Every structure is written in structure tokens, then in C-alpha cells.
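Working notes, beginning with the structure itself.
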Amino acid sequence: MKWIRNHKLICFLILVIVICTVILVSSIATMGKSNPVSKAVNSVCMTVLKPINAVTDRIGGAVSRVVNVKEISAENEALKQENEQLREELAQATLTSHELSELKNLSDALSYKGIAGSDGMVTGDIISMSDSRWMNNFTINIGSEDGIEEGDIVVSGRGLVGTVYSVSRNWAKVKALVDENSKVSFKIAGNMQLIGIIDSFSNGELSGFMLDSNAKVEKGDKIITSGMGVYPTGLEIGKITKVKYDSDSQLQRVTVKSTVDFSSLQKVTVII
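Counted the way this note's numbering counts, the sequence shown spans residues 39 to 310.
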């Protein structure tokens, strides 16, 4: 009896096997016919097997849930990888769209019909710049092999940038409009008789003066290159943000917000 108490599970399984054997023998003996003995045995067997079936069902359900969790986890990982791939593709598509838009703007910025003797335009990337927040001077990745020469005019998608002052075989250096040594003559768009000179740059804004001290200029007026000097007529420079009369020079000083963002310039076009 002590052995039975210590080995209850084994005894239970032996009992189940004996009962199943009795059922099998009884069924064979009666050829499948129902009789009181077989009915009783079947009843006892069903009673015994019912909790075993319940446990088996629970185990099967747990296994099924584990399998489903693994499948869901695998699907989530696949979706995560697909999402990352789509993000990369979207970033690449956005970059391509930005570059195409920038190239289109480079063409739209040229509000004149061209320069006499020029063959066209060459677009390049800025590969280095002066040690300053503003791109006073910078280097582009196109040079004499691309037809670039000293004195060529440089523009961006929004307006005038500057001029080329040094050229090598595959690079060129540009002196920007915001350089302290740059000077440019301008006109007021809409009144081409009002002429001035941009002569300095400070705190992200250009400044200059009107040649006519009585010139009627206002905040918001757009200024463009006048055609005097190295620049052709019609290149947009910016908009006037402030007008102030300087009693010392007896001239009207103007502050101008450039249409070109010289702190984030990346691509320019050289007119050759």
C-alpha cells in the first residue's frame, strides 16, 4: 500500500490501461453488441477518461497559443523590417524630389534671357566653405573641364550668389555676395530709374545706399541687378526690410534681406 501511495500516477495509468483492455476484450467477445457488462465498463471508462481528456485539451490549447504567439511575433518582425525599408525608400524619394525642385528653381531664377557670349549653365555642389556661418567664400566641384572661368556669375534657385574668382581643372572658388569685398549695383523692380549700391553684409542682411538721396523707396521693394558692372540685368538680390536716411553721408541707407539663404546653400549654377 505504501508503494501505491508513493506512485499514484503510475497506478492511475495502470488502472486506465486495464480498463481499456477490459473494454477491448469485451467488445471483441460480444462482437460489438451492447450488454450490461460492457455498458458498465464503458461508463466507468468515460468517467475516468473525462478529466484526462480535459487536461489534454488544455495542454493542446496552450501549445496552440504558443505557436500562434510565435507566428505573430514573426509577422511583426517582418512588418517592422518592411516599415524600415519603406522609410528608407521614402527618404530617398524625398531627397530626389528636393534635388529636382532645386534644379528647376535654378532655371526659374534667371529672369533675363541670357548673357551675350554665354553658352549655358553648369550646376555643381558646394564641397567646402570659408570658416564662417555665412558662405562668404566657398568651393564647388566643377572647374575648367566643365567650362568654368574666372569672373563667371554664380546663381542659386532663388537669385544672385556671387562670382568665380579662382578655377582649377575640377573645382572652382566663389566669392559670394555676402563677402565684405563684394559690391553690386541694383535697381528697384518696378522703377528701373532708382539705382543703388550694396556695399556690406552684417547679421544675415545686406545693406547699401541709394544714389539719389530723394529716391522714394519703401520696405518690401524688391531689388534686382542693374546691369552695371559684372552682373547682368534682372538677377534678384532680395527685398528691402528697412529704409533710413544717413545725415552724415546725406544718403538713404537700405537694409536688404537676400533671397538666397547663405547659411544653408548646397547647390549652385555657374553661367558660362
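Here a beta-carbon is modelled for each residue, glycine too, at the ideal position from N, C-alpha and C. No experiment lies behind these values; they were computed from the predicted model shown.
- Setting aside the 5 residues that flank it on each side, Lys295 is surrounded in the same chain by Glu243, Gly276, Lys277 and Thr279, each with a C-beta closer than 7 Å to its C-beta; the list follows chain order.
- Classified as buried, Val222 has 16 or more neighbouring CB atoms from the shown chains inside 10 Å of its CB.
- In the DSSP annotation of this structure, the continuous segment of the beta strand (DSSP E) that includes Ala210 starts and ends at Ala210 to Ala214.
- C-alpha of Phe176 to C-alpha of Ile165: approximately 8 Å in a straight line.
- Counting along the chain, the unbroken beta strand (DSSP E) around Ile235 starts and ends at Asn229 to Ser240.
- With contacts defined by Cβ atoms closer than 8 Å, Ser264 and Lys225 form a contacting pair.
- Within the same chain, and ignoring the five residues on either side of Ser238 in sequence, the residues whose Cβ sits closer than 8 Å to its Cβ are Glu218, Leu244, Ser245 and Gly246.
- Look at Glu113 here: in three-state DSSP terms it is helix.
- In the structure shown, Ile262 adopts extended strand secondary structure according to DSSP, grouped into three states.
- Nearest Cα to Ile262 within the set Ser301, Gly234 and Gly189: Gly234.
- DSSP places Asp299 in the coil class of the three-state scheme, outside both helix and strand.
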